[in-house]
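Participant: Okay, so the sequence shown: first residue is 38 according to our numbering, each after it adds one. Beta carbons: idealized from backbone N, C-alpha and C, even for Gly.
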Amino acid sequence: MIPVGRPIPNYTSYVLDDFHQSIPLGETGQLYVGGAGVFAGYLGRDDLTSQVLLSVDGNIFYKTGDL
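Shown next as structure tokens:
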């Protein structure tokens, strides 16, 4: 495992499993990033939006594709 840094101030990041649940430290999962700069979705492409955005307690998180 190679660390890539720390979250930008006012942003939150999570590593989640395929069921959007937190995973133990050291396990492999998908990186999700949330904050004021995360976009609300693809215009007219709900199918793409549902693949990359996750809403948690009213906050939007972007699935980066990074493991």
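So, for Val89: in the same chain, excluding its five sequence neighbours on each side, which residues have a beta-carbon less than 7 Å away from its beta-carbon?
Facilitator: Walking along the sequence shown from the start, residue 89 turns up at place 52. Cβ within range, chain order: Tyr99 and Lys100.
Participant: Pull up the distance between the alpha-carbon of Asp103 and that of Phe76, whole angstroms please.
Facilitator: Taking the first residue of the sequence shown as position 1, residue 103 is located at position 66. Taking the first residue of the sequence shown as position 1, residue 76 is located at position 39. For Asp103 and Phe76, the distance between alpha carbons rounds to 18 Å.
Participant: Indicate whether Gly74 and Leu53 have their beta-carbon atoms separated by less than 8 Å.
Facilitator: For this step, residue 74 is matched to residue 37 along the sequence shown. For this step, residue 53 is matched to residue 16 along the sequence shown. It is not a contact, given that the beta carbons lie outside the stated cut-off.
Participant: Taking just the CA atoms, how far does Pro46 sit from Asp83?
Facilitator: As a first step, residue 83 must be located in the sequence shown, where it is residue number 46. As a first step, residue 46 must be located in the sequence shown, where it is residue number 9. Answer to the nearest angstrom: the Cα atoms are 29 Å apart.
Participant: Just to confirm, are Tyr48 and Gly78 a CB contact at a threshold of 8 Å?
Facilitator: As a position in the sequence shown, residue 48 is number 11, starting the count at 1. As a position in the sequence shown, residue 78 is number 41, starting the count at 1. No.
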